[in-house]
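**Student:** To convert, note that position 110 of the sequence shown is 110 in full-length UniProt numbering; the numbers rise steadily by one, no gaps.
For glycine and all other residues, C-beta sits at the position ideal for the given N, C-alpha and C.
All of these numbers come straight from a predicted model, not from anything done at the bench.
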Amino acid sequence: MSDFSLDGRTALVTGAAGGLGRAYATALARAGADVVLTDLPGAEGLAETARAVAATGRRAYVHAQDLSRTEEIAPFADRVRKAAGPVHILVNNAGTAALERFNEITPASWSAVLRVNVDAVFFLSQRLAEHMIADGVRGGRIITVTSKNALVAEAGLAHYNASKAAAQLLTETLAVELAPHGITANTLAPGMVETPIDGGFPFDREAFEAAYRERIPLGRYSRPDEQAGALVFLASDAGAYVTGARLVVDGGVLADQMPRTRFMPPYRNTVDALDTADTADGA
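Right, dumping it as structure tokens:
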């Protein structure tokens with residue numbers, strides 16, 4: 001399992017105050033990485049994530065930053081480098097969304113989503129990639145958390161869908177340009193995850209979630225920790241030859257063109273029970 005070890009490496013995780021960010025940061029620490037944690041200034045939960053990282057025996061560095069302030073991203077990355085040393089792994093996890101019909105989206109709400117989900121991803125990746133190259137980091141990793149919405153649309157989320165699709169192609173471009181420097185760039189696309197979601201819902205959320213669970217072949221939302229193994233793979237030497245790829249962790253949603261299973265006759269096993277003697281012989 002040494003190929004999955006992150007000993008001696010430092011990772012930066014954005015959106016680290018809770019949910020997926022906390023799960024990612026903790027998993028990277030358990031694999032051996034020191035972790036730089038960032039989220040909005042005053043974000044509740046950032047200290048708790050730091051404690052979770054420290055509990056693994058790894059170092060946790062906390063640097064709050066509003067990534068929507070694009071002009072501050074390069075100085076932020078430089079401060080991280082000064083405090084924690086070279087960053088080997090960048091996890092672009094921070095994201096935002098707003099549930100609005102297409103004709104309700106204003107220039108301000110469009111920009112608010114794109115600034116975090118696309119602009120921050122690009123400019124932070126740009127600066128840290130330059131750091132990796134300048135510091136002679138080989139095996140650098142850039143992992144951007146997108147969504148299944150990068151691949152299929154969802155009503156009420158035009159700006160979010162567009163931002164995640166843009167992040168996908170942006171990541172593929174980085175993969176091509178950074179390959180000569182030994183840096184990989186990939187995306188991780190979760191499906192529905194059991195994480196707290198802020199903001200109002202102008203519909204019956206419980207009914208929506210019940211209907212959505214029926215749409216998932218595995219029949220349930222993912223736990224945050226179930227997303228973390230895929231991240232560690234992409235961050236580690238085990239994923240060294242994977243670049244420009246997207247790894248979808250959605251419980252089978254995108255594999256199911258039509259949710260027909262629940263309308264089909266009940267499953268019937270067509271394999272006869274094995275004779276006890278045959279089982280013993282096989283053993």
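Counting along the chain, where does the alpha helix (DSSP H) carrying Arg51 start and finish?
**Tutor:** In the sequence shown, residue 51 corresponds to position 51, counting from 1. Segment Leu46 to Ala54, the alpha helix (DSSP H) holding Arg51.
**Student:** Below 8 Å, can you find three or more Cβ-Cβ pairs linking the segment 28-43 to the segment 81-93?
**Tutor:** As far as the Cβ criterion goes, the segment 28-43 touches the segment 81-93, which means the pair count is three or higher.
**Student:** Tell whether a beta-carbon distance below 8 Å holds between Leu20 and Ile143.
**Tutor:** As a first step, residue 20 must be located in the sequence shown, where it is residue number 20. As a first step, residue 143 must be located in the sequence shown, where it is residue number 143. No, the Cβ-Cβ distance between Leu20 and Ile143 is not below 8 Å.
**Student:** What is the DSSP secondary structure of Asp3, counted as helix, strand or coil?
**Tutor:** The residue you call residue 3 lines up with position 3 of the sequence shown. Helix at Asp3.
**Student:** Spatial neighbours of Ala255 within its chain, please: CB distance less than 8 Å, with the 5 preceding and 5 following residues excluded, ordered by chain position.
**Tutor:** Position 255 of the sequence shown, counted from the start, is the residue given in the question as residue 255. Hits under 8 Å: Pro217.
**Student:** What's the gap between the Cα of Thr56 and the Cα of Gln227?
**Tutor:** Locating residue 56 in the sequence shown gives position 56, where the first residue counts as 1. Locating residue 227 in the sequence shown gives position 227, where the first residue counts as 1. Near 19 Å, if we compare the C-alpha coordinates of Gln227 and Thr56.
**Student:** I'd like the list of long-range same chain contacts for Pro41, defined as Cβ closer than 6 Å, with 5 residues on each side in sequence excluded.
**Tutor:** The residue you call residue 41 lines up with position 41 of the sequence shown. Cβ within range, chain order: Ala64.
**Student:** Since Ser222 sits in a beta bridge, which residues does DSSP pair it with?
**Tutor:** Position 222 of the sequence shown, counting from 1, holds the residue named residue 222. Note: Ser222 sits in a beta bridge opposite Val193.
**Student:** Please confirm whether Ala167 and Val242 have their CB atoms less than 8 Å apart.
**Tutor:** The residue given as residue 167 occupies position 167 in the sequence shown. The residue given as residue 242 occupies position 242 in the sequence shown. Cβ distance not < 8 Å, so Ala167 and Val242 don't count as in contact.
**Student:** Using only the alpha-carbon positions, how far apart do Ala43 and Thr26 sit?
**Tutor:** Residue numbering aside, residue 43 sits at position 43 when the sequence shown is read from its first letter. Residue numbering aside, residue 26 sits at position 26 when the sequence shown is read from its first letter. C-alpha separation (whole angstroms): 18 Å.
**Student:** Quick check on DSSP: helix, strand or coil for Asp237?
**Tutor:** Here residue 237 corresponds to residue number 237 of the sequence shown, with the count starting at 1. Asp237 falls in the helix class under three-state DSSP.
**Student:** Can you look up Ile216 in the DSSP assignment and give me helix, strand or coil?
**Tutor:** Indexing the sequence shown from 1 puts residue 216 at position 216. Of the three classes helix, strand and coil, the one that applies to Ile216 here is coil, per DSSP.
**Student:** Just confirm the distance between the C-beta atoms of Ala189 and Ala150, as a whole number of angstroms; I'd bet it's less than 8 Å.
**Tutor:** Position 189 of the sequence shown holds residue 189. Position 150 of the sequence shown holds residue 150. Sure, about 6 Å apart at Cβ, within 8 Å.
**Student:** In whole angstroms, what is the alpha-carbon distance linking His131 and Leu6?
**Tutor:** Start at 1 with the first residue of the sequence shown, and residue 131 comes out as number 131. Start at 1 with the first residue of the sequence shown, and residue 6 comes out as number 6. Roughly 19 Å separates the two Cα atoms.
**Student:** Could you say which of Asp39, Ala94, Glu209 and Ala175 lies nearest to Tyr160 if we only look at CA atoms?
**Tutor:** In the sequence shown, the residue the question calls residue 160 occupies position 160. Minimum Cα distance to Tyr160 is reached at Ala94.
**Student:** Determine the extent of the beta strand (DSSP E) in which residue 328 is found, giving its start and end residues.
**Tutor:** Coverage of the chain is limited to positions 1 through 283, which leaves residue 328 absent and any answer about it impossible.
**Student:** Return the bridge partner residues of Glu100 from the DSSP annotation.
**Tutor:** Residue 100 sits at position 100 when you count from the first residue of the sequence shown. Bridge partners of Glu100: Leu157.
**Student:** Taking 7 Å as the limit between beta carbons, can you name the residues of its chain near Arg101, skipping five residues before and five after?
**Tutor:** To locate residue 101, count along the sequence shown from 1; it is residue 101. Result list for Arg101: Gly156, in chain order.
**Student:** Would you list the one or two residues that DSSP bridges to Asn92?
**Tutor:** What you label residue 92 is simply residue 92 of the sequence shown in a count that begins at 1. Per DSSP, Thr144.
**Student:** Rounded to the nearest angstrom, what separates Asp66 and Pro266 at their Cα positions?
**Tutor:** Along the sequence shown, read from residue 1 onward, the residue named residue 66 stands at position 66. Along the sequence shown, read from residue 1 onward, the residue named residue 266 stands at position 266. About 52 Å.
**Student:** Using the beta-carbon count (16 or more within 10 Å), is Leu169 buried or exposed?
**Tutor:** Locating residue 169 in the sequence shown gives position 169, counting from the first residue. Counting Cβ neighbours within 10 Å, Leu169 comes out exposed, since fewer than 16 surround it.
**Student:** Sort Glu209, Asp135, Ile105 and Ala98 by Cα distance to His181 and report the nearest one.
**Tutor:** The residue given as residue 181 occupies position 181 in the sequence shown. Nearest of Glu209, Asp135, Ile105 and Ala98 to His181, Cα basis: Asp135.
**Student:** Which residues in the same chain have their Cβ closer than 8 Å to the Cβ of Val13, if we skip the five residues on either side of it in sequence?
**Tutor:** Numbered from its first residue, the sequence shown carries residue 13 at position 13. Cβ neighbours of Val13 beyond the five flanking positions: Gly21, Tyr24, Ala25, Leu28, Val35, Val36, Leu37, Thr38, Val91 and Asn93.
**Student:** Pull up the distance between the alpha-carbon of Gly18 and that of Gly229, whole angstroms please.
**Tutor:** Within the sequence shown, numbered from 1, the residue matching residue 18 stands at position 18. Within the sequence shown, numbered from 1, the residue matching residue 229 stands at position 229. Taking the straight line joining both Cα atoms gives about 17 Å.
**Student:** Write down the C-beta distance between Ile73 and Arg127 rounded to the nearest angstrom, noting that I regard them as a contact closer than 8 Å.
**Tutor:** Along the sequence shown, read from residue 1 onward, the residue named residue 73 stands at position 73. Along the sequence shown, read from residue 1 onward, the residue named residue 127 stands at position 127. Rounded, the Cβ-Cβ distance is 6 Å, consistent with contact.
**Student:** Less than 8 Å separating the beta-carbons of Asp3 and Asp272?
**Tutor:** Within the sequence shown, residue 3 is the residue found at index 3, counting from 1. Within the sequence shown, residue 272 is the residue found at index 272, counting from 1. Taking 8 Å as the Cβ cut-off, Asp3 and Asp272 do not qualify as a contacting pair.
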